[in-house]
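A.B. asks: Numbering (the numbering used here), first residue to last: 52 to 370. No residue lacks a Cβ here, since even glycine has one placed at the ideal position from N, Cα and C. To start, I am sharing the structure in question, which I have written as structure tokens.
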Amino acid sequence: MTGFAYHRPSSLDDALAALAEPGSLPIGGGSDLLAGIEEGHAAPTRVVELERIPELATITTQADGGVRIGGGVGIALLAEAPELSAFPVLRAACTAVGSPALRAMGTLGGNLAQRQRCWYFRSRVGCFKHGGTGCAAVDGEHVYHAIFASGTCHAAHPSDPAVALLVLDARVEVRSVRGTRMLDIEALYEGAAENVRSETVLAGDEVIVAVHLDAAARDGAQHWEKLTQRGAFDLALVSCAGVRRTDGSVRIALGGVAAGPWRAPHSVEEDIASGGLDEESIEALAARATYDATPLAGNAYKVQMAEAAIRRAAKTIAN
Ligand SMILES: Cc1cc2nc3c(=O)[nH]c(=O)nc-3n(C[C@H](O)[C@H](O)[C@H](O)COP(=O)(O)OP(=O)(O)OC[C@H]3O[C@@H](n4cnc5c(N)ncnc54)[C@H](O)[C@@H]3O)c2cc1C
């Protein structure tokens, strides 16, 4: 493990100025970054602490019923936050993260920006993100990998909260010394299967200062499930989030199946929103949702899991 300096900033501006220095990286709870430094796929000369910065540490309900969640808020706090009681899908996704210790350490920003948990990537073997030519998982061990491949990397993104945030149409507020930009959560992961340095579009000096939830998803029917190999402390084989918004429209997303959170085709969501579905039509919709899955030899089981999860989500939120 290489040495690095630790900077505890006095303010958000101080943190952003420190991150503008080459070699600096933000650190939330450190549960992923410190492992990455040990594994050799992150080599900061300085880490900049975000957790104690007031703007990043609060959850605020807005006048219109939307919610702003600071990027440094802990996953364990989110799982129980009263401000999120109208967004049970997000609280459930946070409750599903890893173990109590990981939820106590991890922050929302760190969870969204965490690296893939693929063993080839983590052990720096046969992975293009470490200078290799392709993805060793394709001809190797890929039972936990993606079934919707959109690029060279076949790892499945590990974040549970990202899947819930996708159906909540969350927007991510990103800041650096150059200014602030707002990203749809989907855009945060654009190119995740091709990017080498990170699975997000964030530059090294950019910080997720907050995630914004739209009031239009408040209190509507919501669905969350996470299918795992073990009963606890496990990554999703497949997870599924669903929401019916106040305008009646529906969002369905899956985790554990792609390089980022994966959204169901809009036509499937529209048909679920139209309601009046019987068993047969729900089955057909779930099959349509996965029509372009390209599983590898050892993970076709995930297609069946994904369809079953979508069927259950559709039943919860259809009517
Ligand atoms: C054994 C194990 C099991 C796990 N299981 C799950 C699981 O089931 N579900 C799940 O969702 N996760 C799971 N995780 C991931 C775990 O929840 C993450 O490690 C954690 O959420 C990361 O949060 P952190 O604050 O500790 O991030 P850090 O380790 O501090 O940072 C992670 C990355 O994000 C960057 N970063 C940190 N904060 C910000 C910010 N505000 N803005 C921009 N970049 C930032 C860092 O530079 C680093 O690159 C698991 C991890 C382990 C080790």
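So, is T345 buried or exposed, given that buried needs 16 or more other C-beta atoms within 10 angstroms?
C.D. replies: Along the sequence shown, read from residue 1 onward, the residue named residue 345 stands at position 294. Exposed, because fewer than 16 other Cβ atoms sit within 10 Å of the Cβ of T345.
A.B. asks: Can you tell me the Cα-Cα spacing of E241 and M52, whole angstroms?
C.D. replies: Numbered from 1 along the sequence shown, position 190 holds the residue referred to as residue 241. Numbered from 1 along the sequence shown, position 1 holds the residue referred to as residue 52. Near 30 angstroms, if we compare the C-alpha coordinates of M52 and E241.
A.B. asks: Counting only runs of 4+ residues fully inside the segment 168 to 204, write out the alpha helix (DSSP H) ranges in chain order.
C.D. replies: If we require 4 residues or more, the alpha helix (DSSP H) runs fully inside the segment 168 to 204 come out as 170 to 173.
A.B. asks: Which whole runs of the beta strand (DSSP E) in the segment 231 to 292 are 3 residues long or more, in chain order?
C.D. replies: Fully enclosed beta strand (DSSP E) runs of 3 or longer: 258 to 264 and 273 to 278.
A.B. asks: Going by beta-carbon coordinates alone, are L67 and S325 separated by less than 8 angstroms?
C.D. replies: Against the sequence shown, residue 67 aligns to sequence position 16. Against the sequence shown, residue 325 aligns to sequence position 274. No.
A.B. asks: Within a Cβ cutoff of 6 angstroms, which residues of the same chain sit near A268, ignoring the five residues on either side of it in sequence?
C.D. replies: On the sequence shown, position 217 is the one that residue 268 refers to. The answer, listed in chain order, is L219, V294 and R296.
A.B. asks: Counting pairs of beta carbons, one from the segment 239 to 257 and one from the segment 322 to 341, are three or more of them closer than 8 angstroms?
C.D. replies: Not touching, per the Cβ criterion.
A.B. asks: Note down, in chain order, each residue of its chain lying with its Cβ closer than 6 angstroms to the Cβ of G183, except the 5 sequence neighbours on either side.
C.D. replies: Taking the first residue of the sequence shown as position 1, residue 183 is located at position 132. Cβ neighbours of G183 beyond the five flanking positions: G177.
A.B. asks: Identify the residues that DSSP records as bridge partners of I78: which are they?
C.D. replies: Residue mapping note: residue 78 aligns to position 27 of the sequence shown, counting from 1. I78 pairs with E100.
A.B. asks: With DSSP as the reference, label S300 as helix, strand or coil.
C.D. replies: Within the sequence shown, the letter at position 249 stands for residue 300. Coil at S300, not helix or strand.
A.B. asks: Based on the DSSP output, what are the partners of G121 in its beta bridges?
C.D. replies: Working through the sequence shown from its first residue, we reach residue 121 at position 70. G121 pairs with A261.
A.B. asks: I want to check one thing, is the minimum distance from the CB of M156 to the heavy atoms of ligand 1 below 7 angstroms?
C.D. replies: Within the sequence shown, the letter at position 105 stands for residue 156. Yes.
A.B. asks: Please tell me whether, using a cut-off of 7 angstroms, the distance from the CB of A261 to the nearest non-hydrogen atom of ligand 1 is below it.
C.D. replies: As a working note, residue 261 is residue 210 in the sequence shown. It does not: the Cβ of A261 is nowhere closer than 7 angstroms to a heavy atom of ligand 1.
A.B. asks: In angstroms with no decimal places, state the Cα-to-Cα distance between G79 and G160.
C.D. replies: The residue given as residue 79 occupies position 28 in the sequence shown. The residue given as residue 160 occupies position 109 in the sequence shown. Each residue's alpha carbon lies about 7 angstroms from the other.
A.B. asks: Would T341 be called buried (16 or more neighbouring beta carbons within 10 Å of its own) or exposed?
C.D. replies: Mapped onto the sequence shown, residue 341 falls at position 290. With 16 or more other Cβ atoms within 10 Å, it is buried.
A.B. asks: If we count the other Cβ atoms within 10 Å of its Cβ and call it buried at 16 or more, is G185 buried or exposed?
C.D. replies: Within the sequence shown, residue 185 is the residue found at index 134, counting from 1. Classification for G185: exposed.
A.B. asks: Which residue or residues does DSSP assign as beta-bridge partners of S227?
C.D. replies: Residue mapping note: residue 227 aligns to position 176 of the sequence shown, counting from 1. Per DSSP, G230.
A.B. asks: Buried or exposed for A351, please, with buried defined as at least 16 other CB atoms from any protein chain shown within 10 angstroms of its CB.
C.D. replies: Translated into the one-based positions of the sequence shown, residue 351 becomes position 300. Burial call: exposed.
A.B. asks: Between which two residues does the beta strand (DSSP E) harbouring Y57 extend?
C.D. replies: Walking along the sequence shown from the start, residue 57 turns up at place 6. Segment A56 to H58, the beta strand (DSSP E) holding Y57.
A.B. asks: Under the criterion of a Cβ to heavy atom distance below 7 angstroms, does G161 qualify as lining ligand 1?
C.D. replies: Taking the first residue of the sequence shown as position 1, residue 161 is located at position 110. Yes, Cβ of G161 sits closer than 7 angstroms to a heavy atom of ligand 1.
A.B. asks: Given T203, which residues of its chain have a CB within under 7 angstroms of its CB, disregarding the five upstream and five downstream residues?
C.D. replies: Here residue 203 is taken as the residue at index 152 of the sequence shown, counted from 1. Cβ within range, chain order: F179, G185, C186, A244 and E245.
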